[in-house]
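The numbering of the sequence shown is the working numbering, which starts it at 1113 and goes up by one.
Even glycine gets a Cβ: it sits at the ideal position worked out from N, Cα and C.
Keep in mind the model is a prediction, meaning the values are calculated, not measured.
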Amino acid sequence: MGDDAELTAAVLAAQNGDETAFRTVYRTVHPRLLGYVRTLVGDLDAEDVSSEAWLQIARDLERFSGDADRFRGWAARIARNRALDHIRMRGRRPATVTDETELTGRPAESDTAGEAMEALDTGRTLRLIARLPQDQAEAVVLRVVMGLDAKTAADTLGKRPGAVRTAAHRGLKKLAELLGEDAETGGALDALPTQREPRSRAVTSAGVTHTRARTQRDM
1113 MGDDAELTAA VLAAQNGDET AFRTVYRTVH PRLLGYVRTL VGDLDAEDVS SEAWLQIARD
1173 LERFSGDADR FRGWAARIAR NRALDHIRMR GRRPATVTDE TELTGRPAES DTAGEAMEAL
1233 DTGRTLRLIA RLPQDQAEAV VLRVVMGLDA KTAADTLGKR PGAVRTAAHR GLKKLAELLG
1293 EDAETGGALD ALPTQREPRS RAVTSAGVTH TRARTQRDM
């Protein structure tokens, strides 16, 4: 909660034109956002797509309203849209998504989800996540890496929360198997946090115009 309060305050200050606060927002959110983009477009294009996403985030920040949770979801949605635009331009498509109907009425149990992801300090776990089916990879990264609750992740993906919970659960189960097979990542699951469940949030509104457009050089 302390980190979330700091991010919420930094977002609000950035909306008031505080460049230092915007750099704080960028440094806090970017590593996980980049990890999400990597699962969509791969390593080679992830930095470029993430840069495009941050340019849009900076441009549209004054229109954002909400706390840290909502900001992460909003940023993830922008990054996803930029990634899908990139995929369309390059003539490549994401991996085939499984039929969502088979995911809907079965919420995930929390046992396997209790072992999932601060092995982010290396790229190994994200590379393993990229081997999951696309729907599972996105659900795992949004729920566990980005820290979104099921509703916010579902809004980002345009799916139902139950579908996202189940996809994340299946992805985490498969990830546990992949990590078990990977000799170099032995024990990595012990460091991984649980999926976050929805909680009530105090939403802050703000709408102050930026003093100038931000670039990635400022961050």
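Distance check for Val-1123 and Gly-1259, CA to CA, integer angstroms please. Sequence index remark: in the sequence shown, residue 1259 carries index 147 (1-based). Sequence index remark: in the sequence shown, residue 1123 carries index 11 (1-based). The straight-line gap from Cα to Cα measures roughly 17 Å.
Candidates Ala-1280, Arg-1184, His-1198, of which the one nearest Glu-1159 by Cα: Your numbering for residue 1159 matches position 47 in the sequence shown. Glu-1159 has its Cα closest to that of His-1198, out of Ala-1280, Arg-1184, His-1198.
Let's test the definition: count the other Cβ atoms within 10 Å of the Cβ of Thr-1136 and tell me whether it reaches 16, buried, or not, exposed. Here residue 1136 corresponds to residue number 24 of the sequence shown, with the count starting at 1. It counts as buried.
Between the Cα of Trp-1166 and those of Gly-1178, Phe-1134, Asp-1155, spot the shortest distance and give me the residue it belongs to. Your numbering for residue 1166 matches position 54 in the sequence shown. Closest in C-alpha terms to Trp-1166, from the list Gly-1178, Phe-1134, Asp-1155, comes Phe-1134.
Looking at the structure shown, is Asp-1261 part of a helix, part of a strand, or coil, going by DSSP? By one-based count along the sequence shown, residue 1261 stands at place 149. Note: Asp-1261 maps to coil in three-state DSSP.
Assuming Gln-1246 and Arg-1282 make a contact with CB atoms under 8 Å, what is their CB distance in whole Å? One-based indexing of the sequence shown puts residue 1246 at position 134. One-based indexing of the sequence shown puts residue 1282 at position 170. That pair is no contact at about 12 Å.
CA nearest to the CA of Arg-1189, picked from Val-1149, Thr-1278, Asp-1155: For the purposes of this step, residue 1189 is taken as residue 77 along the sequence shown, with counting starting at 1. Measuring from the Cα of Arg-1189, the nearest candidate turns out to be Val-1149.
Ala-1195 burial status per 10 Å Cβ neighbour count (16 or more: buried): One-based indexing of the sequence shown puts residue 1195 at position 83. By the 10 Å Cβ count, Ala-1195 comes out buried.
Tell me the rounded alpha-carbon separation between Phe-1176 and Phe-1183. Here residue 1176 refers to the residue found at position 64 of the sequence shown. Here residue 1183 refers to the residue found at position 71 of the sequence shown. Between the alpha carbons of Phe-1176 and Phe-1183 lies a gap of roughly 8 Å.
Looking at Val-1161: is its Cβ nearer than 8 Å to the Cβ of Val-1153? Against the sequence shown, residue 1161 aligns to sequence position 49. Against the sequence shown, residue 1153 aligns to sequence position 41. Cβ atoms of Val-1161 and Val-1153: closer than 8 Å.
Check whether the Cβ atoms of Thr-1255 and Ala-1265 sit closer than 8 Å, and answer yes or no. The sequence position of residue 1255 within the sequence shown is 143, counting from 1. The sequence position of residue 1265 within the sequence shown is 153, counting from 1. Per the sequence presented here, residue 1255 reads as Arg, with Thr not at that position. Yes. Within cutoff.
Asn-1128, DSSP secondary structure in three states: Indexing the sequence shown from 1 puts residue 1128 at position 16. Of the three classes helix, strand and coil, the one that applies to Asn-1128 here is coil, per DSSP.
When the Cα atoms are used, what is the spatial distance from Met-1201 to Ile-1169? Looking up residue 1201 in the sequence shown gives position 89. Looking up residue 1169 in the sequence shown gives position 57. Here the C-alpha atom of Met-1201 lies approximately 21 Å from the C-alpha atom of Ile-1169.
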